[in-house]
Amino acid sequence: MYGIRKSFGQVVALDGVDFEAGKGEIHALLGENGAGKTTLMNILSGLYRLDEGQISIDRREVSIHSPRDAIKAGIGMVHQHVELISNFTALENILLGREGSRWKLDLDAHRSSAEKLAASYGLSIPLSEPIKSLPAGIQQKVEILKALYHGADTLILDEPTTMLTPLEVDGLFSTLKSFAKGGLTVIFITHKIKEVLDNCDRITVFRGGLKIDTISREAASREKLVQMMMGERGAPPENKRPTGPSAALEGSPTLSVRGMYTSAEWGVPLKNITFDIPRGLIVGLAGVSGNGQKELAEALAGLIEIEKGDIHLNGTGVSKLSMSARIARGISLLPQDRIEEGILPSLSLSENFVLGLHPHIFKRRGIFEQDTANELGRNAIREFNILAKNEHVPAAHLSGGNIQKMIVARSMMLSHKTGKILMIANNPTRGLDVMAASFVHGRLRELRSHGAGVLLISEDLDELCSMCDQIIVIHSGEIFGSFDGPEYDIYQIGVLMAGQKSETGS
Amino acid sequence: MAGPGAIRLGERKKAALEFAITYSLAAALSLICGAIFIVAFGGDVLVAFGTVLRSSLGTWGGFAQTLNKFCPLLLGSLAVAFGMRGGHFNIGVDGQIYAGAIGMTGTAFALQGLNLPWPIFVPLGMLGGILAGLFWGFIPGILRVRFQVSEIFVTVMLNFVALYLVDYLANGPWNDPMAGEAITLPIPDASVLPQVMPKSGAHFGFIIALAAAAGMYFLMTRTIIGYEIRAVGDNPKAARFGGINVNRVTLIIMPTCGALAGLAGAIEVSGFHQSLLLGLTGSEGAPNYGAMAILIAVIGRNNPLGVTVAAAVFAVLLSGSDSLQRSIGLPGAAVFVFQAIIVLTVLFVQARRNTSAG
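Chains H and G are the protein sequences, given in the same order. Note that the first sequence covers residues 59 to 564 in the numbering used here. Note that the second sequence covers residues 224 to 581 in the numbering used here.
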């Protein structure tokens with residue numbers, strides 16, 4: 059790819075980028091969010107059209123205008139979030155778009171050729187199972203096999219490890235290595251330096267829509283890659299995990315949950331959840347996505363009614379209280395899905411900032427005081443460094459990262475106004491660049507040092523290990539074990555995440 | 224503090240400019256389309272437009288008629304717009320108008336013997352209409368909250384229920400035996416809404432409707448419940464995550480919609496017809512107020528101010544429609560084609576500008 063340029067409106071996402079990947083190599087694209095790495099690969103796979111530049115495959119110039127063109131050119135992309143039809147079986151998903159004859163679907167022929175292909179790469183996939191019953195790691199393999207089945211010899215993977223347990227990550231990389239040995243080109247988008255150093259042949263670093271450089275694995279080191287990713291801004295402050303409790307642990311814990319059950323109508327049913335969050339500690343909730351984390355957060359916040367059990371906040375039962383009443387008592391929830399659950403897209407930033415606080419901050423009863431809201435909005439924009447023209451623009455005008463900052467800012471303010479009691483942060487750094495993530499981590503630590511209890515839910519074990527005083531593991535709605543910091547054995551945590559009950563845990 | 228103030232003004236100015244451009248383009252386009260239509264029917268464009276304007280605004284009688292049409296159009300459109308702001312589709316304005324009319328008429332008959340003076344009797348009658356509308360809006364609200372039934376279906380069905388209830392009352396228990404048709408006895412004089420312009424026949428309704436629009440503006444922008452309604456309408460999930468009780472908001476929105484339309488029905492009875500009859504929700508051969516209210520709410524972008532302006536335009540067209548036939552031989556329905564053209568052009572221009580901007 060030469061001289062690739064792409065802009066969205068006035069934002070230049072890629073500016074004159076050259077990129078090459080060779081046959082039989084694993085090539086990492088490394089950069090912060092918004093650096094342009096995914097955009098470049100979306101161009102290669104036909105999702106976006108390039109504004110300028112050219113693409114050649116095997117020294118022949120090709121024009122890629124649609125995903126169909128890309129597939130014809132042998133390019134297959136596996137996206138960050140699995141894009142399969144959950145009611146279809148693995149086989150049906152794999153042959154989707156390549157059914158053959160318009161009228162007749164020869165499932166058996168497809169099955170045998172898909173099996174042959176899978177076997178040749180050492181992939182084992184239960185082809186007749188519906189997708190929804192397969193774990194995330196297998197679903198990803200289905201996506202990969204689908205790309206191969208469509209004739210891909212260049213495989214692009216966008217942040218493939220976010221949804222996986224450590225063991226699954228290892229499995230993925232050994233599969234990718236065997237692909238590369240078999241002559242495929244593997245391009246692998248990530249922001250995790252460790253994965254790059256462990257698994258890749260060459261590394262291309264992006265920053266702010268520009269390619270910084272391509273270097274070989276031998277020439278790379280952690281320090282060098284960080285410096286390339288961050289530029290003159292320097293690395294984010296080294297995240298030192300504080301040791302020991304930050305505030306007095308005397309008295310009752312901030313949050314204590316005993317024997318909590320929820321019904322299946324709300325999603326994954328929770329079973330017999332029992333744990334404490336002590337004052338001034340960060341407790342991490344580890345688990346593969348979709349194992350009840352969201353339901354647990356919502357049950358604590360008061361969005362889901364519990365069937366059985368108790369939730370005590372500072373010694374008082376809150377399980378019967380409405381969400382609004384729990385907010386007033388100091389439970390602050392940072393939702394996981396910023397677009398769906400976080401923002402009021404056509405309302406202004408200040409109106410977004412007061413959501414949740416609005417029953418509590420206005421002086422005159424029942425009256426919405428625009429001035430108060432605007433002042434709050436202005437302060438939050440300044441303090442959290444949100445890129446917005448002013449507090450009156452609609453929230454939908456912000457970029458994804460800034461929306462996340464806005465939501466973080468809102469829950470922090472909420473927590474500050476209600477006495478810094480309990481923060482439930484559900485994947486607070488997803489989609490944030492390194493600097494912004496480090497800022498959020500700093501804020502959570504600050505809450506901790508003020509004596510607040512923090513429940514940090516994350517699919518990123520590295521994040522949990524670096525942040526938490528204690529990690530509990532959830533699997534299919536049950537707590538499978540708990541680990542005390544400061545040092546964690548991520549493989550042991552991974553075993554529990556995968557659903558094997560530990561005998562040693564807790 | 225000049226800085227942020229200036230920025231804010233700039234932002235507002237830009238939005239206002241955007242608004243003005245969209246609507247000027249839409250107005251120009253609909254005038255051109257309307258003109259083509261009139262020419263195709265062999266009419267004279269200028270005469271046609273002139274006739275509509277002269278007959279609706281040019282004489283006191285016509286102006287009064289326009290004001291009287293403006294009242295139910297505005298209240299009905301507010302009843303739609305209020306629901307839309309909260310993410311609910313109120314297709315039941317006609318039914319709620321009828322419910323309000325029943326409430327007014329029933330109250331008037333019930334209190335007939337008390338010899339109340341009009342300053343007490345009229346407000347009580349209005350209250351009866353509002354409460355009946357409130358109840359008619361509460362039904363879809365509670366069904367939505369309890370059983371997740373779409374308010375669209377319920378409000379449409381309730382239109383029929385209200386219609387046939389009026390049919391029954393006007394033919395049955397409240398029927399005026401002297402009239403020989405489906406109409407009730409006249410309501411007592413003391414329950415009749417007074418006139419603003421007695422000579423030309425404009426009643427107080429338009430002032431009440433304007434007050435309701437102002438009230439909705441205040442509620443939406445200055446109160447916490449208005450904020451919660453807007454939040455729920457914008458993204459109910461995020462509103463829920465912000466601790467807003469979405470069910471409670473729904474149970475405020477739907478009955479309020481019903482009350483607004485119910486007030487329109489009460490005014491139609493008390494100010495205009497002075498008895499309960501079928502056909503309250505629009506003149507013969509014209510679309511019902513409920514249908515027009517949806518169009519007006521769309522054009523006015525569910526904003527009380529925009530809805531007021533759009534309702535005024537529609538009232539002018541509606542009251543000018545009769546004279547069109549008399550003066551140039553165009554069918555009166557031509558006006559409704561013109562209304563449809565306005566709606567389509569506004570939507571078209573909005574969509575074009577949105578895609579070119581985004």
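Quick reminder that beta carbons are idealized off the backbone N, C-alpha and C, glycines included.
Against chain G, a Cβ distance below 7 Å from SER404(H) picks out ASP457. Interface annotation, ARG445(G): in contact with chain H, CB-CB separation under 7 Å. From the beta-carbon of MET381(H), the residues of chain G found nearer than 9 Å are ARG463, PHE464, GLY465, GLY466, ILE467 and ASN468. Look at GLY348(H): its C-beta is not under 7 Å from any C-beta on chain G. Per DSSP, VAL345(G) lies in no beta strand (DSSP E) segment; the continuous alpha helix (DSSP H) that holds it begins and ends at 341 to 370. When C-beta distances to chain G are compared with 9 Å, the residues of the stretch 408 to 421 of chain H below that value are GLU409, ASN410, VAL412, LEU413, GLY414, LEU415, HIS416, PRO417 and PHE420, in chain order. Distance from the CA of PHE464(G) to the CA of LEU413(H), rounded to the nearest whole angstrom, comes to 9 Å. Within chain G, ARG445, THR446, ILE447, GLY449 and TYR450 have C-beta atoms less than 7 Å from the C-beta of PHE426(H), given in sequence order. Residues of the same chain with a CB within less than 7 Å of the CB of ASN151(H), apart from the 5 flanking positions on each side, are LEU142, ILE143, ILE189, VAL200 and LYS204 in chain order.
Our two residues, ILE548(H) and PRO224(H), have alpha carbons roughly 7 Å apart in a direct line. Using a Cβ distance threshold of 7 Å, GLY502(G) and GLY352(G) do not count as a contacting pair.
Collapsing the DSSP output to three states places GLN528(H) in a strand. Looking at the backbone, the Cα of VAL377(G) and that of PRO363(G) are separated by about 6 Å.
By the CB criterion at 7 Å, ALA516(G) and VAL316(G) fall inside the cutoff. Non-local C-beta neighbours of PHE260(G) in its own chain, meaning closer than 8 Å and more than five positions away in sequence, comprise ALA557, VAL560, PHE561 and ILE564, ordered along the chain.
Taking the Cα of VAL498(H) as reference, the smallest distance to any Cα among ASN460(H), ILE369(H) and LEU268(H) is reached at ASN460(H). Unbroken alpha helix (DSSP H) stretches of 4 residues or longer found wholly inside the stretch 236 to 324 of chain G: 268 to 276 and 283 to 308, given in chain order. When the alpha-carbon of GLY82(H) is set against those of SER124(H), LYS235(H) and LEU154(H), the nearest one is in LYS235(H).
Contacts with chain G (Cβ-Cβ distance below 8 Å) from the stretch 389 to 400 of chain H involve LEU391, PRO393, GLU398, GLU399 and GLY400, listed in chain order. As summarised for the stretch 120 to 185 of chain H, the continuous alpha helix (DSSP H) elements at least 4 residues long and confined to that stretch are 125 to 130, 148 to 153 and 165 to 178, given in chain order.
Any Cβ of chain G closer than 7 Å to the Cβ of ILE385(H) would place that residue at the interface, and such an atom is present. For ARG316(H), the enclosing beta strand (DSSP E) stretches over residues 313 to 319.
The Cβ-Cβ distance between ALA534(G) and LEU296(G) falls below 7 Å. Sixteen is the threshold: since fewer than 16 other Cβ atoms of the shown chains lie within 10 Å of the Cβ of THR282(G), the residue is exposed. The beta carbons of ILE340(H) and ASP527(H) sit about 5 Å from each other, so the pair counts as a contact at 8 Å.
When secondary structure is reduced to three states using DSSP, THR504(G) falls in the coil class, being assigned neither helix nor strand. DSSP lists no beta-bridge partner residue for TYR387(G). Shown here, ASP271(H) sits in a strand according to DSSP, grouped into three states.
A distance below 7 Å between beta-carbons, with the five flanking residues on each side excluded, links PRO554(G) to the following residues of its chain, in chain order: GLN548. Taking a contact as a CB-CB distance under 8 Å, the pair LEU502(H) and MET525(H) counts as one, their CB atoms being some 7 Å apart. The beta carbon of GLN371(G) lies closer than 8 Å to none in the same chain, with the five residues before and after it left out. The alpha carbon of LEU290(G) has as its nearest neighbour, out of GLY299(G), SER300(G) and SER279(G), the alpha carbon of SER279(G). For LEU361(H), the residues of chain G that pass the 8 Å Cβ criterion are ARG463 and PHE464, in the order they occur in the chain. For VAL244(H), the enclosing beta strand (DSSP E) covers residues 243 to 248. Assignment of beta strand (DSSP E) within the stretch 504 to 550 of chain H, counting only whole runs of 3 or more residues, yields 511 to 515, 528 to 533 and 536 to 542 in chain order. With contacts defined as CB atoms closer than 7 Å, LEU456(H) and ALA467(H) fail to qualify as a contacting pair.
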